[in-house]
Amino acid sequence: MCTRTVSALARGLEAAGIATVALVSNRPQAEAGRPPRALYCEFPLGRPLGRPGDAAWQRRVLDAAFALLPRRDGPVLADFGEAIHDEVDTPLACPLPPRRDPTEHPAIDEARGLRPAWERARARHGGTQVGRVVDAEGLPEAMRALVAVAEGAPWHEVEVAGGDFPTLLMDLRTYYEEAALGLSEHVPAARQAESWLYRETRAGDLVRAFYERVRQAEPAFPGLYYVIPASQVDEPLF
Amino acid sequence: MMRADEQMRQAVGSVPPGYALADVRTAPAPPLVEATVAIVTSAALAHPGEPWPEGSHDFRLFDRDEDRLVMAHNSTNFDRTGFAADRNVVYPIDRLAEMARSGAIGGVAPRHASLLGSTFELATFELDTAPRLARILRGDGVDIALLTPV
Chain A
1 MCTRTVSALA RGLEAAGIAT VALVSNRPQA EAGRPPRALY CEFPLGRPLG RPGDAAWQRR
61 VLDAAFALLP RRDGPVLADF GEAIHDEVDT PLACPLPPRR DPTEHPAIDE ARGLRPAWER
121 ARARHGGTQV GRVVDAEGLP EAMRALVAVA EGAPWHEVEV AGGDFPTLLM DLRTYYEEAA
181 LGLSEHVPAA RQAESWLYRE TRAGDLVRAF YERVRQAEPA FPGLYYVIPA SQVDEPLF
Chain B
1001 MMRADEQMRQ AVGSVPPGYA LADVRTAPAP PLVEATVAIV TSAALAHPGE PWPEGSHDFR
1061 LFDRDEDRLV MAHNSTNFDR TGFAADRNVV YPIDRLAEMA RSGAIGGVAP RHASLLGSTF
1121 ELATFELDTA PRLARILRGD GVDIALLTPV
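Order-wise, the sequence lines are chains A and B. Note that the first sequence ends on residue 238 in this note's numbering; no numbers are left out. Note that the second sequence ends on residue 1150 in this note's numbering; no numbers are left out.
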């Protein structure tokens, strides 16, 4: 949906005297939204400049975008011409930690075991995106709320960190995807770490079990759309 | 099998803007080598612990030297590992700094903006948010805005 938003913003900024060029990731939305100058980049959603860690590639994208600035015959919608695709069907291949505490829930035990990998990623990339409602230290305990619902407790009777399951689930996803960065020698292709989490890990099993419990729940679960990516479930979310 | 992003593009590609669009207006851009450039991203960048409320039409400004920004966007349907590994794949602030040092652009704006791109209603972005943001950017000497989605 972000292409809709940047298209509207670009129109408003230009009308107010700021020249713009928008990178857009959805061509039909750009055609409908008519930003004054736009470069369509068929890159993975979430990576509008295409390749993380590749400064030369990013610079080529910027050069192509800025080359549109002299155009006054908007709407201009040009194509970058080279595409990059997600690899959702190729989960990242990386080892999972062995069970450390057989008395613990396997997903919670696994999350604790991934902490060194997550720490490596944090050091390598200079920070973390974890921390919406819990930090890495608090995540395993916070996951007990997900376990409770997955095992049958009514979602509305379970106390959850931050009072909001989808936000906790985003912290869980972020922690695992950052751990995947710590387990990999390279930055994975788009969606590879996502598929590793939801298809290969015990935490992924937990999220799927949680999703199955809440999708038909009464009262209706708010924010079902935010529980799991649409690419990781069989039935359409839209 | 259809790729995840292709599935998303098809699912939302036909969603209309939802308001009547006026004719496109283009502002003149100075030569790039003389231009001050700002980034405007819909990635919902934030300081840690400052979430974006769903449906927001607001914008937030970040000094160009800030290096602890997080992406607080609420959607599950895009890749997040790229930004975690290299912010420039969404917020190319280091690329702009390199371009300024090499003389390819005139300068990097002192402040850059972010918004929440999943807000459905668009007219407010064009008719209210953008003019307010433009006033601030002009005050910062900005000539060109580079917009990036996620």
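Idealized CB from N, CA, C, for every residue including glycine.
Keeping to the same chain, check which residues put their C-beta closer than 7 Å to that of residue i; ignore five residues upstream and five downstream.
i        : result
A:His156 : Pro219
A:Ser184 : Leu92, Cys94
A:Ala180 : Leu92, Cys94, Pro188, Ala193, Trp196
Please decide whether residue i counts as near chain B, where near means a Cβ-Cβ distance under 8 Å.
i        : result
A:Ala97  : Checking the sequence, you will find Pro at residue 97 of chain A rather than Ala. Chain B, which has no Cβ nearer than 8 Å to the Cβ of A:Pro97, makes this no.
A:Ala65  : yes
A:Tyr226 : yes
A:Gly17  : yes
A:Gln216 : no
A:Glu82  : no
A:His105 : no
A:Arg191 : yes
A:Pro75  : yes
A:Met143 : no
A:Glu14  : yes
A:Leu49  : yes
A:Leu139 : no
A:Leu168 : no
Only counting the same chain, and skipping five residues up and downstream in sequence, which positions put a Cβ closer than 6 Å to that of residue i?
i        : result
A:Ala22  : Val6, Ala10, Pro35, Ala38
A:Val130 : Ala136, Asp171, Thr174, Tyr175
A:Cys41  : Leu23, Phe80
A:Glu200 : Pro91
Under 8 Å by Cβ, that's how I've got residue i and residue j pegged, so tell me the actual separation to the nearest angstrom.
i         : j         : result
A:Arg122  : A:Glu178  : 7 Å
A:Ile228  : B:Ala1145 : That belief does not hold up - the Cβ atoms of A:Ile228 and B:Ala1145 are roughly 34 Å apart, past 8 Å.
A:Ala78   : A:Leu68   : 6 Å
B:Ala1113 : B:Val1040 : 5 Å
A:Leu169  : A:Tyr225  : The pair is not a contact, with the Cβ atoms about 11 Å apart (cut-off 8 Å).
Residue j and residue i - do their beta-carbons sit closer together than 8 Å?
i         : j         : result
A:Pro44   : A:Asp73   : no
B:Val1108 : B:Arg1064 : yes
A:Gly33   : A:Ala8    : yes
A:Ala145  : A:Val134  : no
A:Ser231  : B:Pro1149 : no
B:Arg1068 : B:Pro1048 : yes
B:Asp1086 : B:Pro1110 : no
A:Arg211  : A:Gly204  : Before going on, a small fix: residue 211 of chain A reads as Tyr here, not Arg. No, the pair does not count as a contact, with Cβ atoms beyond the cut-off.
A:Leu13   : B:Ala1035 : no
B:Leu1096 : B:Trp1052 : no
B:Gly1103 : A:Gln29   : no
B:Leu1137 : B:Ala1038 : yes
A:Ala148  : A:Val158  : yes
Comparing the C-beta of residue i with each C-beta of chain A, is any distance below 8 Å?
i         : result
B:Gly1117 : yes
B:Asp1143 : yes
B:Ala1029 : yes
B:Gly1082 : yes
B:Val1033 : no
B:Gly1139 : no
B:Asp1086 : yes
B:Pro1048 : yes
B:Asp1058 : no
B:Ala1097 : no
B:Pro1110 : no
Compare the C-beta of residue i against all C-beta atoms of chain C and say whether one is closer than 8 Å.
i         : result
B:Pro1092 : Absent here is chain C; the protein component of the structure consists of chains A and B.
Using C-beta distances below 8 Å, list every residue in its chain close to residue i, excluding the 5 sequence neighbours before and after it, in chain order.
i         : result
A:Arg100  : Asp109, Arg112, Gly113
A:Gly138  : Ala161
B:Glu1121 : Gly1018, Gly1055, His1057
B:Met1008 : Asn1077, Phe1078
B:Asn1074 : Ala1044, Trp1052, Glu1054, Leu1116, Ser1118
A:Asp89   : Ser195
B:Ala1004 : Asn1077
A:Pro98   : Gly113
A:Val233  : Tyr211
Give a single yes or no on whether residue i has its beta carbon closer than 7 Å to a heavy atom of the ligand NAP.
i      : result
A:Val6 : In the structure shown, the ligand NAP is absent, as is every other ligand, since no ligand is present at all.
Would you be able to state if there are at least three C-beta pairs under 8 Å between the region 211-225 of chain A and the region 183-198 of chain A? no
The region 1082-1092 of chain B in contact with the region 44-61 of chain A per 3-pair CB rule at 8 Å: yes
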